[in-house]
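Novice: When the letters of the sequence shown are read in order and numbered with my numbering, they come out as residues 2 to 478.
I'd like to ask some things about the structure below.
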Amino acid sequence: MNWGTTTLIALTAIIVIGIGAYISFYVGKKNKSNDSWVVGGRNLPLYVVAFTQYATAVGGGVLVAHVGIAYAWGFSVFWYELFVVIGLIIISLFAGWLRRRTFSTIPEVFTRLYGEHRLMLSLVALAVIVVPFGWLATQFIAFANLFNSVTGIGITPLIIIMAVVSVAFVLPGGLTSVAWSDFFFGVFMVIASIVVGFYAVNSAGGPATIIANLPDDLTVMPTGLTAAGGLTILLWLFSILPGTLTNQLYYQRIFAASSVKQARQGIYLSSALIFLSGIYALIIGLSVRSMTDQFGVDGREQAAGWFLAQLPVWLVAVYGAFLMATIVSTTGSALHSVVVNLVNDLRPAFVKKKDTTADLVKVSRWCTVAVSALAALLSIIFPTALNWLVATYAYSASMLAVPFLIGMVLANKWVVHVSVGYVSMIVGLGACAISHIAGTTVPYAVFGITGSLIAYFVMLAVRRPHPRATVEEGAQA
Numbered sequence: 002m003n004w005g006t007t008t009l010i011a012l013t014a015i016i017v018i019g020i021g022a023y024i025s026f027y028v029g030k031k032n033k034s035n036d037s038w039v040v041g042g043r044n045l046p047l048y049v050v051a052f053t054q055y056a057t058a059v060g061g062g063v064l065v066a067h068v069g070i071a072y073a074w075g076f077s078v079f080w081y082e083l084f085v086v087i088g089l090i091i092i093s094l095f096a097g098w099l100r101r102r103t104f105s106t107i108p109e110v111f112t113r114l115y116g117e118h119r120l121m122l123s124l125v126a127l128a129v130i131v132v133p134f135g136w137l138a139t140q141f142i143a144f145a146n147l148f149n150s151v152t153g154i155g156i157t158p159l160i161i162i163m164a165v166v167s168v169a170f171v172l173p174g175g176l177t178s179v180a181w182s183d184f185f186f187g188v189f190m191v192i193a194s195i196v197v198g199f200y201a202v203n204s205a206g207g208p209a210t211i212i213a214n215l216p217d218d219l220t221v222m223p224t225g226l227t228a229a230g231g232l233t234i235l236l237w238l239f240s241i242l243p244g245t246l247t248n249q250l251y252y253q254r255i256f257a258a259s260s261v262k263q264a265r266q267g268i269y270l271s272s273a274l275i276f277l278s279g280i281y282a283l284i285i286g287l288s289v290r291s292m293t294d295q296f297g298v299d300g301r302e303q304a305a306g307w308f309l310a311q312l313p314v315w316l317v318a319v320y321g322a323f324l325m326a327t328i329v330s331t332t333g334s335a336l337h338s339v340v341v342n343l344v345n346d347l348r349p350a351f352v353k354k355k356d357t358t359a360d361l362v363k364v365s366r367w368c369t370v371a372v373s374a375l376a377a378l379l380s381i382i383f384p385t386a387l388n389w390l391v392a393t394y395a396y397s398a399s400m401l402a403v404p405f406l407i408g409m410v411l412a413n414k415w416v417v418h419v420s421v422g423y424v425s426m427i428v429g430l431g432a433c434a435i436s437h438i439a440g441t442t443v444p445y446a447v448f449g450i451t452g453s454l455i456a457y458f459v460m461l462a463v464r465r466p467h468p469r470a471t472v473e474e475g476a477q478a
């Protein structure tokens with residue numbers, strides 16, 4: 002273990018994380034209601050909404066997986082960011098409908114679309130949970146892989162450290178604490194990424210040298226955009242885009258915004274920042290590839306760790322704090338989202354006790370500790386970052402994307418029978434699982450979403466929807 006480097010990283014990280022923790026505890030102390038815990042009190046300002054969306058989306062995936070994608074496939078990395086941004090823009094189209102109905106979670110939206118059904122609520126909650134839980138595990142793994150190469154500390158203790166830190170940022174005030182600390186982390190991340198990016202280019206000899214050292218298929222357009230291959234890009238399309246559209250973390254920021262206008266503006270600003278993270282990943286990935294070509298496609302996730310080990314001592318301190326801030330911002334958001342679904346959606350479906358606000362917050366805090374411990378354990382057992390993310394996106398999107406999005410499109414004028422949602426979800430899950438197990442050439446998310454879509458329209462033909470106005474008039478009578 003390099004004690005000098007480890008100590009320096011620890012000190013700078015403690016300063017940055019300490020500032021974030023202070024913000025988290027300060028706002029958590031002032032906002033103790035369950036509404037503050039779940040949806041940030043529904044009064045977060047624009048700059049907080051924008052930076053918490055950005056900080057949530059940009060975590061270990063960018064620091065490890067995306068840098069690795071850029072290392073192996075160059076400009077193909079931008080497909081990842083593009084699909085996320087397209088998903089966010091589509092979400093913004095529903096922002097008015099969602100914000101005005103004061104939802105707190107995606108399962109609550111399904112209740113509005115298909116009625117109150119305990120089984121459906123449970124299935125939707127579980128499908129929603131797997132994505133942020135996958136994110137949580139991914140961030141733990143990314144943090145451990147990055148700092149293991151520099152400090153020499155083992156993977157397991159590093160995962161445990163990140164799990165403990167993540168819990169500390171959620172416990173004080175739930176989403177209120179997470180969002181405000183994300184704002185600070187997001188600003189720091191933008192500044193640090195610019196500094197590190199300039200250093201990487203300079204270390205590699207400048208743009209001209211980098212381009213000269215790289216294979217033509219990474220730098221010449223349009224081949225640079227397709228270096229990852231059509232099937233890989235198709236997999237990203239059918240996992241990341243639908244996954245973004247069904248990712249509760251993004252919707253919670255809409256629910257927490259102080260107005261519809263600010264919710265939309267926050268998405269636009271965060272989308273620009275997400276593209277900036279893609280530029281960062283491209284710069285680091287290509288700079289590393291220019292300096293060393295020892296990893297190849299299969300070992301691409303080692304590129305970020307190698308780069309970290311090459312930094313001078315002063316920049317290791319900044320970069321170390323940057324890594325911590327980036328990963329903590331995402332783990333906090335993911336952990337909070339899982340807990341909200343467990344406590345606010347799944348628990349009421351099986352526990353009939355009427356809880357007070359204090360009871361709900363207390364249960365949420367205990368659940369936060371338990372979920373973080375479970376994610377850490379699974380991360381230690383299955384330490385493969387990118388596979389976690391892609392698999393959770395694919396299965397969740399196969400179940401939720403079609404009934405969720407089409408349901409919202411129809412919601413204003415039509416009441417859709419619950420069986421339509423059930424069959425669409427079950428067929429989507431089954432098609433995704435069967436194709437995944439079979440090892441199909443076409444990405445398994447394609448089969449899942451396609452199966453769900455076909456099933457939805459078949460069921461619409463069997464159980465025709467009724468005009469909402471007629472149904473509501475009958476209920477009032």
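By construction, the Cβ of each residue, glycine as well, lies at the ideal position given by its N, Cα and C atoms.
Here the structure is a predicted model, which means the values were calculated and not measured.
For the region 196-205 against the region 365-372, do three or more pairs of beta-carbon atoms, one drawn from each stretch, fall closer than 8 Å, so that the two count as touching?
Specialist: These segments do not touch.
Novice: In the region 18-61, which residue ranges form an unbroken alpha helix (DSSP H) of at least 4 residues, counting only runs that do not cross its ends?
Specialist: Taking only runs of at least 4 residues, the alpha helix (DSSP H) segments lying wholly in the region 18-61 are 35-40 and 47-58.
Novice: Between which two residues does the alpha helix (DSSP H) holding histidine 437 run?
Specialist: Position 436 of the sequence shown, counted from the start, is the residue given in the question as residue 437. Residues 419-439.
Novice: Using only alpha-carbon positions, find the residue among Arg101, Ala138 and Ile70 that is nearest to leucine 375.
Specialist: By 1-based counting over the sequence shown, the position of residue 375 is 374. Per the Cα distances, Ala138.
Novice: Whose C-alpha, out of Thr442, Pro466, Gly41 and Ala412, is nearest the C-alpha of methionine 232?
Specialist: Position 231 of the sequence shown, counted from the start, is the residue given in the question as residue 232. Correcting the residue type first, residue 232 is leucine in the shown sequence and not methionine. Of Thr442, Pro466, Gly41 and Ala412, the residue nearest in Cα terms is Thr442.
Novice: Threshold first: 4 residues or longer. Then list the alpha helix (DSSP H) segments lying entirely within the region 259-298, N to C.
Specialist: Listed in chain order, the complete alpha helix (DSSP H) runs (minimum 4 residues) inside the region 259-298 are 261-292.
Novice: On the criterion of 16 or more Cβ atoms from any shown chain inside 10 Å, does histidine 337 qualify as buried, or is it exposed?
Specialist: As a working mapping, residue 337 is identified with position 336 in the sequence shown. Per the 10 Å Cβ criterion, buried.
Novice: For leucine 159, name the three-state secondary structure that DSSP assigns.
Specialist: As a working note, residue 159 is residue 158 in the sequence shown. Of the three classes helix, strand and coil, the one that applies to leucine 159 here is helix, per DSSP.
Novice: Would you check if the region 307-320 and the region 85-93 touch, i.e. whether three or more CB-CB distances between them fall below 8 Å?
Specialist: Judged by Cβ distances under 8 Å, the region 85-93 makes no contact with the region 307-320, as fewer than three pairs qualify.
Novice: If the criterion is Cβ atoms closer than 7 Å, does the pair aspartate 183 and alanine 56 meet it?
Specialist: In the sequence shown, counting from the first residue as 1, residue 183 sits at position 182. In the sequence shown, counting from the first residue as 1, residue 56 sits at position 55. In this structure, alanine 56 lies closer than 7 Å to aspartate 183 by Cβ.
Novice: Histidine 467 bridges to which residues according to DSSP?
Specialist: Along the sequence shown, read from residue 1 onward, the residue named residue 467 stands at position 466. Answer is Val416, bridged to histidine 467.
Novice: For valine 428, tell me which candidate among Ala264, Thr451, Val131 and Arg113 has the shortest Cα-Cα distance.
Specialist: Taking the first residue of the sequence shown as position 1, residue 428 is located at position 427. Nearest C-alpha to valine 428: Thr451.
Novice: Do you know offhand how far threonine 332's Cα is from valine 341's?
Specialist: Within the sequence shown, the letter at position 331 stands for residue 332. Within the sequence shown, the letter at position 340 stands for residue 341. If I take the Cα positions, the gap works out to 14 Å.
Novice: Tell me the start and end of each unbroken alpha helix (DSSP H) in the region 303-372 that is at least 4 residues and wholly inside, in chain order.
Specialist: Within the region 303-372, the complete alpha helix (DSSP H) runs of at least 4 residues are 304-311, 314-341 and 348-351.
Novice: Measure the CB-CB distance between proline 108 and leucine 122 and report whether it falls below 7 Å.
Specialist: Residue mapping note: residue 108 aligns to position 107 of the sequence shown, counting from 1. Residue mapping note: residue 122 aligns to position 121 of the sequence shown, counting from 1. In this structure, leucine 122 lies closer than 7 Å to proline 108 by Cβ.
Novice: Give me, in chain order, the residues of the same chain whose beta-carbon lies closer than 7 Å to that of valine 39; leave out the 5 immediate sequence neighbours on both sides.
Specialist: Counting from one through the sequence shown, the residue named residue 39 turns up at place 38. Excluding sequence neighbours, valine 39 sits near Ser105, Gly175, Leu176, Val341 and Asn345.
Novice: Along the alpha helix (DSSP H) that carries asparagine 214, what are the first and last residues, could you check?
Specialist: Within the sequence shown, residue 214 is the residue found at index 213, counting from 1. Per DSSP, asparagine 214 belongs to the alpha helix (DSSP H) from 208-214.
Novice: Candidates Val221, Ile192, Leu147 and Leu238: which alpha carbon is nearest tyrosine 281's?
Specialist: As a first step, residue 281 must be located in the sequence shown, where it is residue number 280. When only C-alpha atoms are compared, the closest one is Ile192.
Novice: In angstroms, rounded to a whole number, what distance separates the CA positions of isoleucine 328 and tyrosine 269?
Specialist: Here residue 328 is taken as the residue at index 327 of the sequence shown, counted from 1. Here residue 269 is taken as the residue at index 268 of the sequence shown, counted from 1. Rounded to the nearest angstrom, the two C-alpha atoms are 22 Å apart.
Novice: Within a Cβ cutoff of 6 Å, which residues of the same chain sit near alanine 51, ignoring the five residues on either side of it in sequence?
Specialist: To locate residue 51, count along the sequence shown from 1; it is residue 50. Excluding positions up to five away in sequence, the list reads Gly267, Leu270 and Ser271.
Novice: Out of curiosity, what's the CA-to-CA distance linking glycine 1 and proline 173?
Specialist: The requested residue 1 is not part of the displayed model; the chain covers only 2 to 478.
Novice: Helix, strand or coil, according to DSSP, for methionine 222 in the structure here?
Specialist: For the purposes of this step, residue 222 is taken as residue 221 along the sequence shown, with counting starting at 1. The answer is coil: DSSP assigns methionine 222 none of H, G, I, E or B.
Novice: Are the beta-carbon atoms of leucine 401 and threonine 247 separated by less than 7 Å?
Specialist: As a first step, residue 401 must be located in the sequence shown, where it is residue number 400. As a first step, residue 247 must be located in the sequence shown, where it is residue number 246. Contact flag set, yes.
Novice: Any idea what DSSP makes of arginine 102, helix, strand or coil?
Specialist: Position 101 of the sequence shown, counted from the first residue, corresponds to residue 102. Arginine 102 falls in the coil class under three-state DSSP.
Novice: Would you call alanine 462 buried or exposed, if buried means 16 or more other Cβ atoms sit within 10 Å of its Cβ?
Specialist: Locating residue 462 in the sequence shown gives position 461, where the first residue counts as 1. The residue is exposed, with fewer than 16 neighbouring Cβ atoms inside 10 Å.
Novice: Go ahead and pull the three-state DSSP assignment for valine 179.
Specialist: Taking the first residue of the sequence shown as position 1, residue 179 is located at position 178. The answer is helix: DSSP assigns valine 179 an H, G or I state.
Novice: What are the boundary residues of the alpha helix (DSSP H) that includes threonine 503?
Specialist: For the chain, the structure presents residues 2 to 478; residue 503 sits outside this window and is missing.
Novice: Should the region 151-160 be called in touch with the region 20-32, which here means at least 3 C-beta pairs below 8 Å?
Specialist: Because the criterion of three Cβ pairs below 8 Å is not met, the region 151-160 and the region 20-32 do not touch.
Novice: State the CB to CB distance for the pair histidine 467 and valine 410, rounded to an integer number of angstroms; the pair is presumed to be in contact (CB under 8 Å).
Specialist: Stepping through the sequence shown from its first residue, residue 467 is reached at position 466. Stepping through the sequence shown from its first residue, residue 410 is reached at position 409. Not a contact, Cβ separation roughly 16 Å.
Novice: Nearest-angstrom Cα distance between glycine 29 and serine 178?
Specialist: Start at 1 with the first residue of the sequence shown, and residue 29 comes out as number 28. Start at 1 with the first residue of the sequence shown, and residue 178 comes out as number 177. Distance between the alpha carbons of glycine 29 and serine 178 is about 5 Å.
Novice: For a test of the three-state rule: what should DSSP assign to proline 133, helix, strand or coil?
Specialist: The residue labelled residue 133 in the question sits at position 132 within the sequence shown. Looking at proline 133 - three-state DSSP - the assignment turns out to be helix.
Novice: Tell me which residue opens and which closes the alpha helix (DSSP H) that proline 173 is part of.
Specialist: In the sequence shown, counting from the first residue as 1, residue 173 sits at position 172. No alpha helix (DSSP H) holds proline 173; DSSP gives it neither H nor E.
Novice: Taking only the alpha-carbon atoms, compute the straight-line gap between isoleucine 255 and valine 86 and give it to the nearest angstrom.
Specialist: The sequence position of residue 255 within the sequence shown is 254, counting from 1. The sequence position of residue 86 within the sequence shown is 85, counting from 1. Going by the C-alpha atoms only, they are around 15 Å apart.
Novice: Taking the beta carbon of arginine 102 as the centre, do at least 16 other beta carbons fall within 10 Å, making it buried, or is it exposed?
Specialist: Working through the sequence shown from its first residue, we reach residue 102 at position 101. Burial call: exposed.
Novice: Name the two residues that bound the continuous alpha helix (DSSP H) containing arginine 301.
Specialist: For the purposes of this step, residue 301 is taken as the residue at position 300 of the sequence shown. No alpha helix (DSSP H) contains arginine 301, which DSSP labels as neither H nor E.
Novice: Is it right to say isoleucine 10 is buried, meaning 16 or more other beta carbons lie within 10 angstroms of its own, or is it exposed?
Specialist: For the purposes of this step, residue 10 is taken as residue 9 along the sequence shown, with counting starting at 1. Burial call: buried.
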